[in-house]
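A.B. asks: In numbering that gives the first Met the number 0, the protein residues as written are 0 to 645. We put the beta carbon where it would ideally sit given N, CA and C, even for glycine.
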Amino acid sequence: MTKNNSVIVKKGGLALYKSGPVRIGTVGDKIEIELVNGKTKRVRSKDITPIHPGPVGSAKDETLKNIVQSDLSLGASKQELDSNIHDAWELMDGEPLPLADIAELIYEEITPQTIWNSWRIVSQDLYFHGTPLSIQGYPADRVETVRSERVEKERIKRERSEFIERLQSNSIIEDDHPKLSDVEMLALGKSEMSAILRDIKREQRPENAHHLLLETGYWDENYNPYPARMGVELESVTGDVAELPTEERVDLTHLKSWAIDDEDNQDPDDAISLEVDKISGREKIWVHVADVAALIEPDSELDIAARAQCSNLYLPEGTITMLPRQVTDTLGLGLQEKRSPALSFGFTISTGGEVKDITIDDIEVVTSWVKVTRTTYAEVDANIDDSNFAPLYSIALLYQQRRLTNGAINLDLPEVKISVKSDSKEIKITPLPKLKSRELVTNFMLMAGEAAARFAENREIPFPHSTQQPPKPDENGNPYPHPETPAEMYNFRKLFQRSQLKSQPDLHAGLGMEQYSQVTSPLRRYLDLVAHQQLRAWIHKRPLLDHEEITERIGAAEAVIGNTRRAERFSNRHWSMVWLRHNPEWTGDAILVDMMRQRGTFLIPELGIECRVRLQNSIELNSVIKLKLSNVDLPELTPYFRVGKN
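#1: Quick check on the DSSP output: the alpha helix (DSSP H) that includes residue 390 runs from which residue to which?
#2: Counting along the chain, where does the beta strand (DSSP E) carrying residue 280 start and finish?
#3: Can you check DSSP and say which residues form a bridge with residue 623?
#4: Between the alpha carbons of residue 237 and residue 325, how many angstroms are there, rounded?
#5: Find out if the Cβ-Cβ distance for the pair residue 361, residue 347 is shorter than 7 Å.
#6: Evaluate contact between the region 505-513 and the region 400-416, counting only Cβ atoms and requiring at least three cross-stretch pairs below 8 Å.
#7: Which runs of the alpha helix (DSSP H) fall wholly inside the region 307-343 and span at least 4 residues, in chain order?
#8: Do residue 395 and residue 457 count as a contact pair if the criterion is CB distance below 7 Å?
#9: Given that a residue counts as buried once 16 or more other Cβ atoms are within 10 Å of its Cβ, and exposed if not, what is residue 134?
#10: Is the beta carbon of residue 641 closer than 7 Å to that of residue 627?
#11: Report the CB separation of residue 33 from residue 41 in whole angstroms; it is logged as a contact under 8 Å.
#12: Which residues in the same chain as residue 629 place their Cβ atom closer than 7 Å to its Cβ, once the five residues preceding and following it in sequence are excluded?
#13: Provide the residue span of the beta strand (DSSP E) that contains residue 609, from first to last.
#14: Taking all protein chains shown into account, decide if residue 193 is buried (16 or more other Cβ within 10 angstroms of its Cβ) or exposed.
#15: For the beta strand (DSSP E) containing residue 25, list its first residue and its last residue.
#16: For the region 14-83, which segments carrying the beta strand (DSSP E) assignment without a break, of at least 3 residues, lie completely within its bounds, in sequence order?
#17: Could you compute how far the alpha carbon of residue 12 sits from the alpha carbon of residue 161?
#18: Here's a check: name, in chain order, each residue in its chain whose Cβ is nearer than 6 Å to the Cβ of residue 286, leaving out the five neighbours to either side.
#19: Which whole-angstrom value is the C-beta distance of residue 64 and residue 35, which I expect to be below 8 Å?
#20: Compare the beta carbon distance of residue 417 and residue 315 with 7 Å and say whether it is the shorter of the two.
#21: Taking the alpha carbon of residue 37 as the point to measure from, which residue in 60, 567 and 10 has its own alpha carbon closest?
#22: Checking the sheet assignment: what are the DSSP bridge partners for residue 416?
#23: What first and last residue would you give for the beta strand (DSSP E) that runs through residue 363?
#24: Where residue 319 and residue 644 are concerned, what is the direct C-alpha to C-alpha distance, given to the nearest angstrom?
#25: Residue 587 and residue 567 - do their beta-carbons sit closer together than 7 Å?
#26: Starting from residue 257 and walking both ways along the beta strand (DSSP E), at which residues does that stretch end?
#27: By how many angstroms is the C-alpha of residue 479 removed from the C-alpha of residue 595?
#28: Are there 16 or more other CB atoms within 10 angstroms of the CB of residue 157, so buried, or fewer, so exposed?
#29: Under 7 Å, do residue 439 and residue 392 count as touching if we go by C-beta distance?
#30: Counting pairs of beta carbons, one from the region 238-246 and one from the region 570-577, are three or more of them closer than 8 Å?
#31: Below 8 Å on the Cβ atoms is my contact criterion, and I expect residue 257 with residue 366 to pass it. Report the Cβ-Cβ distance as a whole number of Å.
#32: Considering only the alpha carbon of each residue, which of 132, 317 and 105 lies closest to residue 85?
#33: Starting from the Cα of residue 377, find the closest Cα among 267, 262, 371 and 291 and give me that residue.
#34: Considering only residues of the same chain and omitting the five flanking positions on each side of residue 87, which have a CB-CB separation below 7 Å?
#35: Short of 7 Å in beta carbon distance, which residues of its chain neighbour residue 51, apart from the five on each side in sequence? Order them along the chain.
#36: Jot down the residue ranges of each uninterrupted alpha helix (DSSP H) in the region 450-529, minimum 4 residues, whole runs only, in chain order.
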């Protein structure tokens, strides 16, 4: 037998070891202790604190285990135990007592069981604190504060547990909705972890959060999370817009100028004209663009706001603009009663020699007044052979042929336009037909882009350029042939290298152009506006932005534009999935464009989507078959189809 701080250490006694109870075994230079699990180990005297001399039975009779697992009340009610603890605390009257006295005050006896239970009560750190040899009571105000905090914590824990139970049984109540905010944050990409998903053992993915929000009715199917998830701006830019400056402009109002857009277009920013010299008969092409830089100067408040947003965000449910609406009302071509201010690009097309040698010449860029007639693609297509549009279309085809000869890739894949009515949430999916009028406008805009790039290069104007390197050759070093079939076009698209914005001109292989700048949409693309600011500065002999400043603006645009395009793409997909949920019996044509094992990739022209379907039988690429909708997983943006009857 030895002593440890006046407490007897003897075989069979009860001691504390690392806060847990142990039975003291053989006592010598080192003390053998027996753990609750029956294992033994040898420790130093100072490693343990004896709390009762025993005897405590060995692990064989599970005495120690029973001591540990016993209820604190030892048969009394919780109310009685709480009262005894409170009375013991009051009787201490601020004086320290050993653990044995605490046990006697609470349980009226000192046994291994009551000693251990008393230490558990002390360890709760509510009424008491200290060591087994000297335990003190906390002040009354501290006891009350801690008790209130713990009651509140227990209430929160209980309510949380009840909420999780309701969540798992799909029986939540309206008051539960605010508790789902951390799920919403994950679904919106604002956080990476939801405690609720963790508690119900679901993987931490935005899609799983979206699933849960739909299941609980917190979101309905019409809620589109993708703009927020991609981190794009959700409000149109606002601000004061200056008056149009008084300045000299070239009067081009005598030309027939056509702004050709979709029927519901609200921001007409380009128009085209053909000027024919009455004497020589020489044709001069004009592409007029809204003179946005006349109102938005570099580093102005609105310029900085547009730079942050980078471009308009076109969603099926509406458009988020990078400039205030007043800018469009003032500058949109054809929106003014008499004439519109424009930045006009004039040039001729040289048609001598082979098609690939066709050039854009005699380039001029002027601030102008134009009188614009607004029309639609459908109207122009219906009148493509009349005297107004036939000459324009002929020039467009010639330029398009030059681009194709120079390697341009024309991918004729299905496209649709998706719109959602703000009030009824009615979804309309409209396939876009391949119209000659679209070819016309596309090629005139590309001509203007080439003309602007050459104009800037020849005058050493720092300028943003759009570039793209050609697809890498095949494994034998040969270029891939131009795709002809839907399957070839679909797979060729994967070969494209990412287009890049640069401050120096370079090849744009996809368009078949030696150099190209986007300049025809300054109302909706920030770098188009930057190009206009540079051209206006040169015209009016004002300081230009230098190459470093242009590069900075390109970097700012590239930091945002990817998320903007993803937000648009995912939003379109979202509303397509909602439309399919509204049409569960849908059946339609699909084109097989890729095959891997037994899974085919199909394009559905009617809906503008691609999907994967398991096939039982082999089908040739480019085959058109019927698919029937089976199910839609909205958060995963995944439709499930099966092969239908042709």
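C.D. replies: In this structure, then:
#1: Locating residue 390 in the sequence shown gives position 391, where the first residue counts as 1. Segment 389-404, the alpha helix (DSSP H) holding residue 390.
#2: In the sequence shown, counting from the first residue as 1, residue 280 sits at position 281. No beta strand (DSSP E) holds residue 280; DSSP gives it neither H nor E.
#3: Here residue 623 refers to the residue found at position 624 of the sequence shown. Looking at the DSSP assignment, residue 623 forms a beta bridge with 590.
#4: Walking along the sequence shown from the start, residue 237 turns up at place 238. Walking along the sequence shown from the start, residue 325 turns up at place 326. Each residue's alpha carbon lies about 9 Å from the other.
#5: Residue mapping note: residue 361 aligns to position 362 of the sequence shown, counting from 1. Residue mapping note: residue 347 aligns to position 348 of the sequence shown, counting from 1. Yes, they are a contact pair.
#6: yes
#7: 324-330
#8: Within the sequence shown, residue 457 is the residue found at index 458, counting from 1. Within the sequence shown, residue 395 is the residue found at index 396, counting from 1. Taking 7 Å as the Cβ cut-off, residue 457 and residue 395 do not qualify as a contacting pair.
#9: Residue 134 sits at position 135 when you count from the first residue of the sequence shown. Flag for residue 134 reads buried.
#10: Translated into the one-based positions of the sequence shown, residue 627 becomes position 628. Translated into the one-based positions of the sequence shown, residue 641 becomes position 642. With contacts defined by Cβ atoms closer than 7 Å, residue 627 and residue 641 form a contacting pair.
#11: Residue 33 sits at position 34 when you count from the first residue of the sequence shown. Residue 41 sits at position 42 when you count from the first residue of the sequence shown. Residue 33 to residue 41, Cβ: 11 Å. No contact.
#12: For the purposes of this step, residue 629 is taken as the residue at position 630 of the sequence shown. For residue 629, where only same-chain residues beyond five positions count, the Cβ hits under 7 Å are 639, 640 and 641.
#13: Here residue 609 refers to the residue found at position 610 of the sequence shown. Element bounds for residue 609: 608-613.
#14: Here the question's residue 193 lines up with position 194 in the sequence shown. By the neighbour-count definition (other C-beta atoms within 10 Å, threshold 16), residue 193 is a buried residue.
#15: Locating residue 25 in the sequence shown gives position 26, counting from the first residue. It spans 19-26 - the beta strand (DSSP E) in which residue 25 sits, taken as one unbroken run.
#16: Those beta strand (DSSP E) runs which fall completely within the region 14-83 and span 3+ residues are 19-26, 30-33, 39-42 and 48-51.
#17: As a position in the sequence shown, residue 12 is number 13, starting the count at 1. As a position in the sequence shown, residue 161 is number 162, starting the count at 1. So the alpha carbons of these two residues sit roughly 44 Å apart.
#18: The residue given as residue 286 occupies position 287 in the sequence shown. Answer for residue 286: 271, 344, 443 and 447, listed in chain order.
#19: Residue mapping note: residue 64 aligns to position 65 of the sequence shown, counting from 1. Residue mapping note: residue 35 aligns to position 36 of the sequence shown, counting from 1. Indeed they touch by this definition, with Cβ atoms about 6 Å apart.
#20: The count along the sequence shown starts at 1 and reaches residue 417 at position 418. The count along the sequence shown starts at 1 and reaches residue 315 at position 316. If you check the CB distance, residue 417 and residue 315 come in under 7 Å.
#21: Working through the sequence shown from its first residue, we reach residue 37 at position 38. Nearest option by C-alpha distance: 60.
#22: As a first step, residue 416 is located in the sequence shown; it is residue number 417 there, counting from the start. Answer is 429, bridged to residue 416.
#23: Indexing the sequence shown from 1 puts residue 363 at position 364. Note, residue 363: beta strand (DSSP E), 358-369.
#24: Within the sequence shown, the letter at position 320 stands for residue 319. Within the sequence shown, the letter at position 645 stands for residue 644. In a straight line, the C-alpha of residue 319 is about 43 Å away from that of residue 644.
#25: Counting from 1 along the sequence shown, the entry for residue 567 is found at position 568. Counting from 1 along the sequence shown, the entry for residue 587 is found at position 588. Their beta carbons are not under 7 Å apart, which means residue 567 does not touch residue 587 by this criterion.
#26: In the sequence shown, counting from the first residue as 1, residue 257 sits at position 258. Looking at the DSSP string, the run of the beta strand (DSSP E) that includes residue 257 is 256-260.
#27: Here the question's residue 595 lines up with position 596 in the sequence shown. Here the question's residue 479 lines up with position 480 in the sequence shown. Residue 595 and residue 479: Cα-Cα distance of roughly 21 Å.
#28: Here residue 157 refers to the residue found at position 158 when the sequence shown is read from its first residue. Classification for residue 157: exposed.
#29: Counting from 1 along the sequence shown, the entry for residue 439 is found at position 440. Counting from 1 along the sequence shown, the entry for residue 392 is found at position 393. In this structure, residue 392 lies closer than 7 Å to residue 439 by Cβ.
#30: In short, these stretches do not touch, since the Cβ pair count stays below three.
#31: For the purposes of this step, residue 257 is taken as residue 258 along the sequence shown, with counting starting at 1. For the purposes of this step, residue 366 is taken as residue 367 along the sequence shown, with counting starting at 1. No, residue 257 and residue 366 are not in contact; Cβ-Cβ is about 20 Å, not under 8 Å.
#32: Here residue 85 corresponds to residue number 86 of the sequence shown, with the count starting at 1. Residue 85 has its Cα closest to that of 105, out of 132, 317 and 105.
#33: Looking up residue 377 in the sequence shown gives position 378. The shortest Cα separation from residue 377 among 267, 262, 371 and 291 belongs to 262.
#34: Position 88 of the sequence shown, counted from the first residue, corresponds to residue 87. The answer, listed in chain order, is 101, 104 and 105.
#35: Walking along the sequence shown from the start, residue 51 turns up at place 52. The residues are 12, 13, 111 and 114.
#36: The region 450-529 contains these whole alpha helix (DSSP H) runs: 485-492.
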